[in-house]
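Structure record follows, encoded as structure tokens.
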Amino acid sequence: DTGVSQDPRHKITKRGQNVTFRCDPISEHNRLYWYRQTLGQGPEFLTYFQNEAQLEKSRLLSDRFSAERPKGSFSTLEIQRTEQGDSAMYLCASSSGVGSTEAFFGQGTRLTVV
Amino acid sequence: GESVGLHLPTLSVQEGDNSIINCAYSNSASDYFIWYKQESGKGPQFIIDIRSNMDKRQGQRVTVLLNKTVKHLSLQIAATQPGDSAVYFCAERDRGFKTIFGAGTRLFVKA
Numbered sequence: 001d002t003g004v005s006q007d008p009r010h011k012i013t014k015r016g017q018n019v020t021f022r023c024d025p026i027s028e029h030n031r032l033y034w035y036r037q038t039l040g041q042g043p044e045f046l047t048y049f050q051n052e053a054q055l056e057k058s059r060l061l062s063d064r065f066s067a068e069r070p071k072g073s074f075s076t077l078e079i080q081r082t083e084q085g086d087s088a089m090y091l092c093a094s095s096s097g098v099g100s101t102e103a104f105f106g107q108g109t110r111l112t113v114v
Numbered sequence: 115g116e117s118v119g120l121h122l123p124t125l126s127v128q129e130g131d132n133s134i135i136n137c138a139y140s141n142s143a144s145d146y147f148i149w150y151k152q153e154s155g156k157g158p159q160f161i162i163d164i165r166s167n168m169d170k171r172q173g174q175r176v177t178v179l180l181n182k183t184v185k186h187l188s189l190q191i192a193a194t195q196p197g198d199s200a201v202y203f204c205a206e207r208d209r210g211f212k213t214i215f216g217a218g219t220r221l222f223v224k225a
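Going down the list, the protein sequences come from chains A and B.
Each residue of the first sequence is one higher than the one before, starting from 1 at the first, in the numbering used here.
Each residue of the second sequence is one higher than the one before, starting from 115 at the first, in the numbering used here.
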């Protein structure tokens, strides 16, 4: 396993369009996280899964955002009716569980809304 | 609300010197404090963590110090190398496994 994989790496979309990103975590990791990062800032927590259950969702996540992890493996993050303010790097991370804080991050999906 | 912040946005050090990156936090209930390194175009990479009941932890060339009295966290890098040039984030994790990041400090290593 080569680590957390995110697809696509870059996405340019027109305002109002829907986009979907995919994250494949490290295979034995049961926790999966989504973050958003803008230039010069630290990653902002969006949501978190333990297996297929979405356990927490940030207030930053408006109704236009939805995340799923249907079989407890890969996850998708969908943004509906994109806005220019959604332009950011979307990072996915996974971790193994109790006793470990180490989260392994993917390289992110850079979204540009024009 | 919860926040993790940093004292300095940039730090420039000479190769071979020691680096100290500081961080202030506000949530006394955090369970773990973590340092991440992020290189350009890559996701953050875990460096070291420290549990809230400890005050010091050492890794390979890195030491993290936690002062709960003043809510201060620091990362010390010994014998800084050009490969250490990156943005460093402190982060805190609550018992619900949500990790909150600060804004970052950019470390420049001069040859």
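Note that beta-carbon positions come from the ideal geometry of N, C-alpha and C, so glycine has one too.
Predicted model, so just to flag it, every value in this text is computed and none were measured.
| If you check the beta carbons only, do A:Ser75 and A:Glu68 fall under 8 Å apart? | yes
| field | Three-state secondary structure assigned by DSSP to B:Asp198 | value | helix
| query | Where A:Arg59 and A:Leu46 are concerned, what is the direct C-alpha to C-alpha distance, given to the nearest angstrom? | reply | 8 Å
| request: Taking only runs that begin and end inside the segment 140-170 of chain B, name each unbroken beta strand (DSSP E) of 3 or more residues, in chain order. | output: 146-152, 159-165
| said: Against chain A, does B:Tyr146 count as a neighbour if the rule is that its beta carbon must be under 8 Å from one of theirs? | reply: yes
| query | Which partner residues does A:His29 have in the DSSP bridge list? | reply | In the DSSP output, where bridge partners are listed per residue, A:His29 has none listed.
| query | Are any of the Cβ atoms in chain A nearer than 8 Å to that of B:Phe215? | reply | yes
| query | What three-state label does DSSP hand A:Asp24 in the structure shown? | reply | strand
| message | Give me the residue from A:Ser96, A:Arg64, A:Tyr90 with the minimum Cα distance to B:Pro158. | response | A:Tyr90
| query | Do B:Asp208 and B:Ala138 come within 8 Å of each other at the CB atom, strictly closer than that value? | reply | no
| query | What's the C-alpha gap between B:Ala200 and A:Lys71? | reply | 36 Å
| message | Any beta carbon from chain A within less than 8 Å of B:His121's own beta carbon? | response | Interpretation of B:His121 is limited by its pLDDT of 48, a score under 50 that renders its predicted location unreliable; the figure taken from the coordinates is listed afterwards. No, its Cβ sits nowhere closer than 8 Å to a Cβ of chain A.
| message | By the DSSP assignment, the beta strand (DSSP E) with B:Ser126 in it spans what residues? | response | 124-128
| task | Using 10 angstroms around the beta-carbon of A:Gly3, count the other beta-carbons present and answer buried if the total reaches 16, otherwise exposed. | result | exposed
| Within the 8 Å Cβ cut-off, does B:Glu116 reach chain A? | With a pLDDT of 39 at B:Glu116, under the threshold of 50, the modelled position of that residue is not reliable, and no figure is offered here.
| said: Relative to the C-alpha of A:Ala53, which candidate in A:Arg31, A:Pro8, A:Ser62 has its C-alpha closest? | reply: A:Arg31
| For A:Gly108 and chain D, any beta-carbon pair shorter than 8 Å? | This model lacks chain D altogether, as its protein chains are A and B.
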